[in-house]
Amino acid sequence: MNGIVGKKGRPLFTMATRTLVAVANRYKVPLTIFLLIYLDLLNCQQYAIPFKSPSDCTDEEFFDISSLSCVRCGPNQRRSTTGLSCICKTGYQTLTSDKASITCQKCPADRPAVTKDGFGCIGCPTRVNDEGKCQCPASNVLVERDVNGNLFDVARCEMCNENSPSLSVPNISGDRCERCQASFVNTSCVCSSPNVLAGGLCLPPSSLSTNVNPSVNYAQLKISFQSAWFFKNLYSSSAACLVFSNLTACQALGNMCVMNMHSISGVSTDACGLFNTIFRSRAAFSSTQDISYWRVNLPWLYYGDEPGLASRVLQNDPVPIKFSFRGRNKNTDIKLLAAVYNIGGEFLRWEKVGGDNLQLCPETTAKRAAAFTFGTAYQESCDLSIAELLGSHPEPLFYDVFMDLGGGDNRKLLSLPTLVYNQQYNGRFINQESMKNWYLSRRMFAVDTLSGREKSISSLPKVIRVASSVKIRFQLVPRTQEGQVYPPLMTVTYTDVAITDINTQTVSTTFAVEYEMDQNEARIKTDTALGVLGGLALMYSLLKTVSWKRRIASPLIDVETMLKFLLFYAGDLANVFFAVTVGTGLYWLIFYKAQQFVSVLLPLPAQEEQFVTYIGCAFALKAVQFLHKLILQVSIDVFFIDWERPRSKTSRTVQAAGELNRDPSSVSIWRTYFVANEWNELQTIRKISPTFQTMAVLFFFEVLGFSNLALRDPMPALQRSPEAYTPSYSLMLRYGLAATLWLGIGLLQVIFFTVFYEHFVEDKIRQFVDLCSISNVSVLLLSHRCFGYYIHGRSVHGHADTNMEEMNNNLNREAESLCGQRGLLPNTEVQTFQVSLNNRLRLHYDRIREQIGRRNGRSRLIDANSANQFEQRARGYQTMNHFLGSIIDHAHHEMDYIVKDKLMFERIIGMEFLEPSEKSIFYNDEAHSFSDVLFYGNEATLLIFDTLFFCVVDLGSQSFVLAAVLTCVQQMIFRLIRNTLGRKNLVSKTLVDERFLI
11 MNGIVGKKGR
21 PLFTMATRTL
31 VAVANRYKVP
41 LTIFLLIYLD
51 LLNCQQYAIP
61 FKSPSDCTDE
71 EFFDISSLSC
81 VRCGPNQRRS
91 TTGLSCICKT
101 GYQTLTSDKA
111 SITCQKCPAD
121 RPAVTKDGFG
131 CIGCPTRVND
141 EGKCQCPASN
151 VLVERDVNGN
161 LFDVARCEMC
171 NENSPSLSVP
181 NISGDRCERC
191 QASFVNTSCV
201 CSSPNVLAGG
211 LCLPPSSLST
221 NVNPSVNYAQ
231 LKISFQSAWF
241 FKNLYSSSAA
251 CLVFSNLTAC
261 QALGNMCVMN
271 MHSISGVSTD
281 ACGLFNTIFR
291 SRAAFSSTQD
301 ISYWRVNLPW
311 LYYGDEPGLA
321 SRVLQNDPVP
331 IKFSFRGRNK
341 NTDIKLLAAV
351 YNIGGEFLRW
361 EKVGGDNLQL
371 CPETTAKRAA
381 AFTFGTAYQE
391 SCDLSIAELL
401 GSHPEPLFYD
411 VFMDLGGGDN
421 RKLLSLPTLV
431 YNQQYNGRFI
441 NQESMKNWYL
451 SRRMFAVDTL
461 SGREKSISSL
471 PKVIRVASSV
481 KIRFQLVPRT
491 QEGQVYPPLM
501 TVTYTDVAIT
511 DINTQTVSTT
521 FAVEYEMDQN
531 EARIKTDTAL
541 GVLGGLALMY
551 SLLKTVSWKR
561 RIASPLIDVE
571 TMLKFLLFYA
581 GDLANVFFAV
591 TVGTGLYWLI
601 FYKAQQFVSV
611 LLPLPAQEEQ
621 FVTYIGCAFA
631 LKAVQFLHKL
641 ILQVSIDVFF
651 IDWERPRSKT
661 SRTVQAAGEL
671 NRDPSSVSIW
681 RTYFVANEWN
691 ELQTIRKISP
701 TFQTMAVLFF
711 FEVLGFSNLA
721 LRDPMPALQR
731 SPEAYTPSYS
741 LMLRYGLAAT
751 LWLGIGLLQV
761 IFFTVFYEHF
771 VEDKIRQFVD
781 LCSISNVSVL
791 LLSHRCFGYY
801 IHGRSVHGHA
811 DTNMEEMNNN
821 LNREAESLCG
831 QRGLLPNTEV
841 QTFQVSLNNR
851 LRLHYDRIRE
861 QIGRRNGRSR
871 LIDANSANQF
881 EQRARGYQTM
891 NHFLGSIIDH
901 AHHEMDYIVK
911 DKLMFERIIG
921 MEFLEPSEKS
931 IFYNDEAHSF
941 SDVLFYGNEA
951 TLLIFDTLFF
961 CVVDLGSQSF
971 VLAAVLTCVQ
981 QMIFRLIRNT
991 LGRKNLVSKT
1001 LVDERFLI
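Take a look at the structure:
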């Protein structure tokens, strides 16, 4: 194809190309690179256009919607009011117009005016107005053409006949006569004195005082001023409603009362005062729809001001609809309809509540629809721009909201009572008080940008009102099994916004749907359970205190006794709070999520505060118990009794090279160090794996979606669509779910550890007892002053300091029953005991420890040589070892002991009935209860503490991940504290050098 042709018949494209080549050759630029740069610039610029808007065009230009640019108007033309076309100047007629361009010509001097259509010139009988058209006097109409459409040379001004029987006046366009308004029709269309002309109506002088109060009160801002809309329409609307029963005027008056927050004061001339005056004047007439508060021709704005009326309206008669979450009769749809009126009182339409009428926040259709699914706690909040509200709501729309009861051909609607928080009654905000003082109303609006316009209706508003909170509340009928509810209540709270800078100002708004039921019965049951179980816990704590007093051999009740009782009671009361709260949370989780016909509804967030308080009490008390147990464990008395004695003669052993060697006659301390190290490692072992516990709980919550079961809706689904609305979490469900899952996984671990792992893999507690027997070392643990545990580790072979061959032979003999049994008593296997010591034995034990302490003290003060200190400790260890060994061997008759079984009841209540006055008592203990001084024996306390810690962090942060991480950190910290302090206590009490503890 040929390019565009230029001069001399050369294509312009060819000419341009040759020019580019010449430039490239002249400046030695490679042609390829130059063309690439040039083409790239063309590609970048060919789609770019300058930005223009209609406001950028001058008076001689119009905005061309095709080219999106400003185009100059033709001769004798100017820009139209829209700015999107050109029109002829004043005094010029339009000759041609093809919608793309016009031609204008000046009118001759004998016909200076332009006709109304702009296509002709005509003479005027009176004067020419500023627009270059003829202007007739009042009560006249302008006539420019005859009946055949022929243009007159001079226009005519024809007077309308205002007298009977014509009774006509010019219409609003001023081009024809029409019958005057009905209020004028008497003898003429003139509203003569003493009648009052207002709003296009001629009103009798005695109908209503013209001294009305067009002010709007903004109580939040503590200001009040005259509204331009009220000033223009309040008197005419109220008078037309009162005198002529004009339906639209009555609705408009009601709307102005609604814009004034339904407030009633001593002033009877404001909007609500005028409405109530007319309302009372209609008392003799019949009511509308058989509703006494709905007077004929008036809108229904109030329910009445009788005391206690609100409770009768809201809690007497259930709605004749049954809601069900599942099954063949499933019904979860809430159908709300609204009668919509404009500011002038005209009925616009019936509209389904939803979408953007009451829900101002921008959301998807699916999420907005979730608000009207029964049982789903819905709440959406956002910040709205004031500038956008002014653009989208130039005038308020008013809604009378009803609930659709269905019924087919006999379809019925139930009115929704409205509670306006901003409503005042003689200066009191009565709807912010108790229900008996509520004053229920009906009509509401979402945004009002009109009543706050002070100077004129077209001016910028001084204040706007926005429904910052719209809440619809459903209350379940008590003891219903069929899903019946009382009439829902719509609560509206408005915010007054003083306009300062519309481009930066915002206002917050919330739309919510809540569901509640009477929680008094559930609260009474919970408090009863706490009271009964708390009483039992009190008795059990007293029993523990008595047992503790017997075990420390102290008959006096002193301050320490009271403190101990409080510590015991804290732990038992924590268990009560924990059991009741977990049971309550599990109850709501099961019965709410699994019900078919609605019989229970979740407590509201405000109603959950007491439940959260109980959880806090449980956690605080359990923390006190945990710390108490921790302190006791790191302060117990521990001593390792070494039964090994020096051999009396030389023993000969075979060495690897066949040489003879003599064993030393002294006893090796390594066996005791080895047992001490094993005991040190046992201090923090548990029956569960904390890491597995945390990972398993997170797997269920975050991966499988168990957290969705705690949402405030009736759906038991684990997975949800991202597009679906996600309600808030119920703290009660979240706690019940979290506590149950944490406890469940923990209990499964304990069962697995106890039943399988300890039987088929390893049992570290029993292994420690075996180690003591092999090492020929016994362990005495005193958790109380005169009570503790004894592990009998005396070797049946007499010696444990031996070589590998002899050790192996000893074990084989024991396996083949060729030697005695390991028990403390002959021919018994029981090696573990609970010991109840008499006071004499304890006093002697304390004297030895006191002497050891004094020796160490002198060594530190006098002799700084560490070797001397170690020698003193060694002598002290030998003294204690010899004393305790002689006690076990019955060498001291005044401190002797007996061995017996504990009664079943003694085991259950944890208290010994016999007091060791003469002899100490060793109770057979095959359950290895010495683990009570370890983490191992307190797994229940640790598991409940971890559960409460996890739940409390989760309730505070609403994050299972954070709760799991902090729980792990907490476990590590307390394990470190237990290890560190337990190690120091082990060194202090056993006299084992810390350097030998690994």
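The sequence shown stops at residue 1008 when you use my numbering, and every number in between is there. Quick reminder that beta carbons are idealized off the backbone N, C-alpha and C, glycines included.
ask   = Along the chain, where does the alpha helix (DSSP H) that runs through residue 502 open and close?
value = Residue 502 -> not in any alpha helix (DSSP H); beta strand (DSSP E) instead, spanning 499-508.
request  = Assuming residue 356 contacts residue 258 (C-beta within less than 8 angstroms), just tell me the rounded distance between them.
outcome  = Confirmed, about 6 angstroms.
query = Residues in its own chain within less than 7 angstroms of residue 968 by CB, not counting five upstream and five downstream?
reply = Within the same chain, 739 come within 7 angstroms of residue 968 by CB-CB distance, once the 5 residues on both sides are set aside.
request  = With a cut-off of 8 angstroms on the beta carbons, I'd call residue 237 and residue 228 a contact; round off their distance for me.
outcome  = Your pair residue 237 and residue 228 does not check out as a contact, with CB atoms roughly 11 angstroms apart and the cut at 8 angstroms.
request  = Answer yes or no: do residue 160 and residue 114 have a C-beta to C-beta separation smaller than 7 angstroms?
outcome  = With a cutoff of 7 angstroms on beta-carbon distance, residue 160 and residue 114 are scored as not near each other.
task = Look at the alpha carbon of residue 91 and the alpha carbon of residue 71, and state the distance between them as a whole number of angstroms.
result = When the Cα atoms are used, residue 91 and residue 71 turn out to be separated by approximately 12 angstroms.
inquiry  = Suppose you measure from the CA of residue 680 to the CA of residue 790; what does that come to, to the nearest Å?
reply    = Those two C-alpha atoms are separated by around 18 angstroms.
ask   = Does the count of Cβ pairs from the region 342-362 and the region 261-280 closer than 8 angstroms reach three?
value = The way I'd put it, the region 342-362 does touch the region 261-280; three or more beta-carbon pairs between them come closer than 8 angstroms.
request  = To the nearest angstrom, report how far apart residue 434 and residue 584 are at their CA atoms.
outcome  = Rounded to whole angstroms, residue 434 to residue 584 spans 48 angstroms at the Cα level.
query = Quick one: what's residue 71 bridged to in DSSP?
reply = 82, per the DSSP bridge assignment.
query = What is the rounded straight-line gap between the Cα of residue 963 and the Cα of residue 498?
reply = A direct Cα-Cα distance of roughly 36 angstroms separates residue 963 from residue 498.
query = For residue 441, which of helix, strand or coil comes out of DSSP?
reply = Helix, per DSSP.
inquiry  = So for residue 212, helix, strand or coil by DSSP?
reply    = Residue 212 sits in a strand when the DSSP states are folded into three classes.
message = One question on the structure: do residue 755 and residue 703 come within less than 7 angstroms of each other, judged by their Cβ atoms?
response = A contact, by the Cβ cut-off of 7 angstroms.
Enclosing beta strand (DSSP E) for residue 288 [first to last residue] = That residue, residue 288, is in no beta strand (DSSP E); its alpha helix (DSSP H) goes 281-291.
key: Coil, strand or helix - residue 329 by DSSP   = Coil at residue 329, not helix or strand.
task = With a threshold of 16 other CB atoms inside 10 Å of the CB of residue 448, please say whether the residue is buried or exposed.
result = In summary, residue 448 is buried, with 16 or more beta-carbon neighbours lying within 10 Å of its beta-carbon over all protein chains present.
task = Would you kindly report the start and end of the unbroken alpha helix (DSSP H) that includes residue 390?
result = Looking at the DSSP string, residue 390 is not in any alpha helix (DSSP H); the run it does join, the beta strand (DSSP E), is 388-395.
ask   = Identify the residues that DSSP records as bridge partners of residue 844: which are they?
value = DSSP, once it has assigned bridges, lists 799, 933 as partnering residue 844.
query = Which one or two residues does DSSP pair with residue 907 in a beta bridge?
reply = The secondary-structure analysis by DSSP pairs residue 907 across a beta bridge with 930.
ask   = Can you tell which of 551, 647, 60, 199 has the C-alpha that lies nearest to the C-alpha of residue 177?
value = Cα-wise, what sits closest to residue 177 is 199.
query = Quick one: is residue 181 buried, meaning 16 or more other Cβ sit within 10 Å of its Cβ, or exposed?
reply = Its Cβ having fewer than 16 others within 10 Å, residue 181 is exposed.
request  = Measure the Cβ-Cβ separation of residue 536 and residue 623 and say whether it is below 7 angstroms.
outcome  = Cβ atoms of residue 536 and residue 623: not closer than 7 angstroms.
Beta-carbon contacts of residue 1002 that lie in its chain and below 6 angstroms, excluding the five residues immediately before and after = Excluding positions up to five away in sequence, the list reads 686.
inquiry  = Can you tell me whether residue 57 is buried or exposed? The criterion is at least 16 other CB atoms within 10 Å of its CB, across all chains shown.
reply    = With fewer than 16 other beta carbons inside 10 angstroms of its own, residue 57 counts as exposed.
key: Those runs of the beta strand (DSSP E) which lie wholly inside the region 148-177 and span at least 3 residues   = Annotation: the region 148-177 contains the following complete segments of the beta strand (DSSP E) (minimum length 3 residues), in chain order: 150-155, 161-169.
task = Return helix, strand or coil for residue 664, following the three-state DSSP convention.
result = In this prediction, residue 664 has a pLDDT of 42, which is less than 50 and means its spatial position is unreliable; what the coordinates show is noted afterwards. Three-state result, residue 664: strand.
request  = For residue 917, name the three-state secondary structure that DSSP assigns.
outcome  = Of the three classes helix, strand and coil, the one that applies to residue 917 here is helix, per DSSP.
request  = From the DSSP output, in three-state form, read off residue 235 for me.
outcome  = Under the three-state reduction of DSSP, residue 235 is assigned to strand.
Supposed close pair residue 133, residue 156 - CB separation, criterion 8 angstroms = With a Cβ gap of about 15 angstroms, residue 133 and residue 156 do not count as contacting.
query = Since residue 424 sits in a beta bridge, which residues does DSSP pair it with?
reply = Partner(s): 413.
key: residue 454, DSSP secondary structure in three states   = Three-state result, residue 454: strand.
Reduced DSSP category for residue 673 - H, G, I as helix; E, B as strand; rest coil = In this predicted model, residue 673 has a pLDDT of only 47, less than 50, meaning its place in the structure is not dependable enough to derive any value.
query = residue 87 lies in the beta strand (DSSP E); which residues open and close that run?
reply = For residue 87, the enclosing beta strand (DSSP E) begins and ends at 87-89.
task = Could you round the C-beta distance between residue 269 and residue 406 to whole angstroms and report it? I think they count as a contact, below 8 angstroms.
result = Right, their Cβ atoms sit about 7 angstroms apart.
ask   = When burial is assigned at 16 or more other CB atoms within 10 Å of the CB, is residue 165 buried or exposed?
value = By the neighbour-count criterion, in which a residue is buried when 16 or more other Cβ atoms sit within 10 angstroms of its Cβ, residue 165 is buried.
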